[in-house]
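> Let me begin by handing over the structure; questions about it come next.
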Amino acid sequence: MVEQTALGLAARKFRPIATEEAFLIPEVVAAAAKRFEKGGSNSSADAHVFRLQTSGGEYAKDFNRRLLDLDEERLRIMDENGIDMQLLSHSGGIQGLEPDEAVPLAALANDRLAETIARHPTRYAGLASFAPQAPQQAAKEIERAINTLKLNGLIVYSHTNGEYLDEPKYRPVLEAAAAVNTPLYLHPRSPSPQMIAPFQPDLVLSIWGYQVDASLHAMRLIVSGVFDDIPNLRIVLGHGGEGIPYWFDRIDVRYQVSSLRRRKLKMLPSEYFKKHFTITTSGMNWSPVLKYCIGVLGADKIAFAVDYPYEETTRAVEGLLTADITDADKAQIFRTTSERVFKIRQAT
Ligand code: MN
Numbered sequence: 013m014v015e016q017t018a019l020g021l022a023a024r025k026f027r028p029i030a031t032e033e034a035f036l037i038p039e040v041v042a043a044a045a046k047r048f049e050k051g052g053s054n055s056s057a058d059a060h061v062f063r064l065q066t067s068g069g070e071y072a073k074d075f076n077r078r079l080l081d082l083d084e085e086r087l088r089i090m091d092e093n094g095i096d097m098q099l100l101s102h103s104g105g106i107q108g109l110e111p112d113e114a115v116p117l118a119a120l121a122n123d124r125l126a127e128t129i130a131r132h133p134t135r136y137a138g139l140a141s142f143a144p145q146a147p148q149q150a151a152k153e154i155e156r157a158i159n160t161l162k163l164n165g166l167i168v169y170s171h172t173n174g175e176y177l178d179e180p181k182y183r184p185v186l187e188a189a190a191a192v193n194t195p196l197y198l199h200p201r202s203p204s205p206q207m208i209a210p211f212q213p214d215l216v217l218s219i220w221g222y223q224v225d226a227s228l229h230a231m232r233l234i235v236s237g238v239f240d241d242i243p244n245l246r247i248v249l250g251h252g253g254e255g256i257p258y259w260f261d262r263i264d265v266r267y268q269v270s271s272l273r274r275r276k277l278k279m280l281p282s283e284y285f286k287k288h289f290t291i292t293t294s295g296m297n298w299s300p301v302l303k304y305c306i307g308v309l310g311a312d313k314i315a316f317a318v319d320y321p322y323e324e325t326t327r328a329v330e331g332l333l334t335a336d337i338t339d340a341d342k343a344q345i346f347r348t349t350s351e352r353v354f355k356i357r358q359a360t
């Protein structure tokens, strides 16, 4: 283990698990780059992200190097900052490919992830990728990734070809997630093609567009009634719940007076969120938001995340360490929530 900073030593006692930590396999980078070159992407903003990751500029070079590394710099940064484990997930790209390419690449990403965890079993756990554009095959891969590869959950990068998972064609995916009793991390992505235009040029990415799309996706799932149909479906949202907890009262009030409902739900929208959702602190290292979310959800519904390499590990660790909350809540958020939600079992 390398030398720890004072911050790292202070964090170390909480044995933090970071839960939205990205990696890439080169095969997906190559396939996505080829598709973007041909102009086949369904989102120009995703092309922009892949250009960032694969070419030019100091900022981009760091991302590319850090996303592909799983054995050196990543572990050193974790050690310096007192991070005990990263819950790894492949950083998108798969959903923009044709099904015949996406299905095997999702499986390959999961195989690599399982190999990486086997090399570093005390440092990594992982979320499995799948290709929603082939729902039946996605369901099979979910079953394999959890039951055979023993991964800890699932990740999806929001919309697929501009479609959201409440659409009936994606029901096999959600049923598979529930059948293996594992959470689905609903990761943001740039807005779907139907609504991206007014976000151009400045608001497409994580400054605003990502949370608009991810929160829309989560709200679509809630009002679709899918949680009445699949009672043990569980969702994880990053970025402090993508803003939704702040809106609970208004959403519930407007839901009750709206005559536009597709379907009457058994509970209020906020009650589904409290029952079925866990949120993480990725990119939201701000004490007022954390305190608010603890107040409305409870610390046991909140898990620590850095969003490595896109966010700075030091800033995330410092944000939670210095937050104006109790040590018991810090311990819950740094580690205990993740152990429960993602079934991470480590000998001490
Ligand atoms: Mn992320």
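Under my numbering, the first residue of the sequence shown carries the number 13, and numbering increases by one thereafter.
Using N, Cα and C, we set each Cβ at its ideal position, and we do this for glycine too.
None of the values given here were measured: they were computed from a predicted structure.
(1) Could you check if D225 is buried or exposed, using at least 16 other CB atoms within 10 Å of its CB as the buried criterion?
(2) Please state whether DSSP places T349 in a helix, a strand or coil.
(3) Work out the CA separation of T349 and P28 for me, nearest whole Å.
(4) Mapping DSSP to helix, strand and coil, what is Y322?
(5) Give me, in chain order, the residues of the same chain whose beta-carbon lies closer than 7 Å to that of N54; leave out the 5 immediate sequence neighbours on both sides.
(6) Would you say the beta carbon of D319 comes nearer than 7 Å to a heavy atom of the ligand MN?
(7) Which class does N54 belong to by DSSP, given the choice of helix, strand or coil?
(8) Which ranges does the beta strand (DSSP E) cover as unbroken runs of at least 3 residues, wholly within the region 139-204, from first to last along the chain?
(9) Taking a contact to mean a Cβ-Cβ separation below 8 Å, would you say L196 touches D240 in this structure?
(10) Inspect the beta-carbon positions of E423 and Q145 and report whether they are closer than 8 Å.
(11) When the Cα atoms are used, what is the spatial distance from C305 to K50?
(12) From A151 to A18, what does the alpha carbon distance come to, in whole angstroms?
(13) Which residues in the same chain as A118 place their Cβ atom closer than 7 Å to its Cβ, once the five residues preceding and following it in sequence are excluded?
(14) At which residues does the alpha helix (DSSP H) containing Q268 begin and terminate?
(15) Once the 5 residues before and after A328 are set aside, which same chain residues still bring their CB inside 6 Å of it?
(16) My assumption, with CB atoms under 8 Å, is that A315 sits in contact with L245. Please give the rounded CB distance.
(17) When we look at the beta-carbon of N159 and count the other beta-carbons within 10 Å, is it buried (16 or more) or exposed?
(18) Can the beta-carbon of N164 be found less than 8 Å from the beta-carbon of K342?
(19) Starting from the N-terminal side, write out each stretch of the beta strand (DSSP E) that is 3 residues or longer and does not extend beyond the region 203-258.
(20) According to DSSP, what are the bridge partners of T290?
(21) Can you look up Q16 in the DSSP assignment and give me helix, strand or coil?
(22) Determine the burial state of G295: buried for a count of at least 16 other Cβ atoms within 10 Å of its Cβ, exposed for fewer.
(23) Which of the three DSSP states, helix, strand or coil, is assigned to A315?
(24) Using C-beta distances below 7 Å, list every residue in its chain close to R352, excluding the 5 sequence neighbours before and after it, in chain order.
(25) Looking only at its own chain, which residues have a Cβ that is under 8 Å from the Cβ of L161, when we skip the five neighbours before and after it?
(26) Quick one: give me the first and last residue of the alpha helix (DSSP H) that A335 is part of.
(27) List, from N- to C-terminal side, the beta strand (DSSP E) runs of 3 residues or more that fit wholly inside the region 64-141.
(28) Report yes if the C-beta of E32 is less than 7 Å from at least one heavy atom of the ligand MN; otherwise report no.
(29) If we ignore side chains and look at the alpha-carbon of each, how far apart do G94 and R275 end up?
(30) How would you label S270, buried or exposed, when you count the other beta carbons within 10 angstroms and need 16 or more for buried?
(31) With 16 other CB atoms within 10 Å as the buried threshold, where does T292 fall?
(32) With 16 other CB atoms within 10 Å as the buried threshold, where does T134 fall?
(33) Would you mind reading off the limits of the beta strand (DSSP E) that contains I37?
Quick answer:
(1) Within the sequence shown, residue 225 is the residue found at index 213, counting from 1. Result: buried.
(2) Along the sequence shown, one-based indexing puts residue 349 at 337. T349: helix per DSSP, three-state reduction.
(3) Looking up residue 28 in the sequence shown gives position 16. Looking up residue 349 in the sequence shown gives position 337. Computed Cα separation, rounded: 11 Å.
(4) In the sequence shown, the residue the question calls residue 322 occupies position 310. Correct three-state label for Y322: coil.
(5) Translated into positions along the sequence shown, residue 54 becomes position 42. In this prediction, N54 has a pLDDT of 49, which is less than 50 and means its spatial position is unreliable; what the coordinates show is noted afterwards. If we look at N54 and ignore the five residues flanking it on each side, its Cβ neighbours are G108, N173, G174, P205.
(6) As a position in the sequence shown, residue 319 is number 307, starting the count at 1. D319: yes, Cβ under 7 Å from the ligand MN.
(7) In the sequence shown, residue 54 corresponds to position 42, counting from 1. Unreliable placement is indicated for N54, whose pLDDT of 49 sits below 50; no coordinate value is reported for it.
(8) 165-169, 196-199
(9) On the sequence shown, residue 196 is found 184 positions in, with the first residue counted as 1. On the sequence shown, residue 240 is found 228 positions in, with the first residue counted as 1. Cβ distance not < 8 Å, so L196 and D240 don't count as in contact.
(10) Missing from the structure shown is residue 423; the chain here goes from 13 to 360 and no further.
(11) Position 293 of the sequence shown, counting from 1, holds the residue named residue 305. Position 38 of the sequence shown, counting from 1, holds the residue named residue 50. So the alpha carbons of these two residues sit roughly 43 Å apart.
(12) One-based indexing of the sequence shown puts residue 151 at position 139. One-based indexing of the sequence shown puts residue 18 at position 6. For A151 and A18, the distance between alpha carbons rounds to 45 Å.
(13) Taking the sequence shown and counting its residues from 1, the one referred to as residue 118 is at position 106. Result list for A118: I106, S141, F142, A143, E153, in chain order.
(14) Along the sequence shown, one-based indexing puts residue 268 at 256. From DSSP, the alpha helix (DSSP H) with Q268 extends over 260-269.
(15) Sequence index remark: in the sequence shown, residue 328 carries index 316 (1-based). These residues qualify, in order along the chain: N297, V318.
(16) As a working mapping, residue 315 is identified with position 303 in the sequence shown. As a working mapping, residue 245 is identified with position 233 in the sequence shown. The Cβ separation is near 18 Å, so there is no contact.
(17) Position 147 of the sequence shown, counted from the start, is the residue given in the question as residue 159. N159 should be labelled exposed.
(18) Locating residue 164 in the sequence shown gives position 152, where the first residue counts as 1. Locating residue 342 in the sequence shown gives position 330, where the first residue counts as 1. In this structure, K342 does not lie closer than 8 Å to N164 by Cβ.
(19) 247-249
(20) Taking the sequence shown and counting its residues from 1, one reaches residue 290 at position 278. Note: T290 sits in a beta bridge opposite V248.
(21) For this step, residue 16 is matched to residue 4 along the sequence shown. Q16 falls in the coil class under three-state DSSP.
(22) By one-based count along the sequence shown, residue 295 stands at place 283. It is buried - the Cβ of G295 has at least 16 other Cβ atoms within 10 Å.
(23) In the sequence shown, the residue the question calls residue 315 occupies position 303. A315: strand per DSSP, three-state reduction.
(24) Taking the first residue of the sequence shown as 1, we reach residue 352 at position 340. Answer for R352: no residue qualifies.
(25) As a working mapping, residue 161 is identified with position 149 in the sequence shown. Result list for L161: N122, D123, L125, A126, A140, in chain order.
(26) For the purposes of this step, residue 335 is taken as the residue at position 323 of the sequence shown. A335 -> no alpha helix (DSSP H), and no H or E assigned at all.
(27) 97-102, 136-140
(28) Residue 32 sits at position 20 when you count from the first residue of the sequence shown. Checking every heavy atom of the ligand MN against the Cβ of E32, one is found closer than 7 Å.
(29) Position 82 of the sequence shown, counting from 1, holds the residue named residue 94. Position 263 of the sequence shown, counting from 1, holds the residue named residue 275. Near 47 Å, if we compare the C-alpha coordinates of R275 and G94.
(30) Along the sequence shown, one-based indexing puts residue 270 at 258. It counts as exposed.
(31) Counted from its first residue, the sequence shown places residue 292 at position 280. Per the 10 Å Cβ criterion, buried.
(32) Here residue 134 refers to the residue found at position 122 of the sequence shown. Exposed, by the Cβ-count rule.
(33) Residue 37 sits at position 25 when you count from the first residue of the sequence shown. Note, I37: premise wrong, no beta strand (DSSP E); not H, not E.
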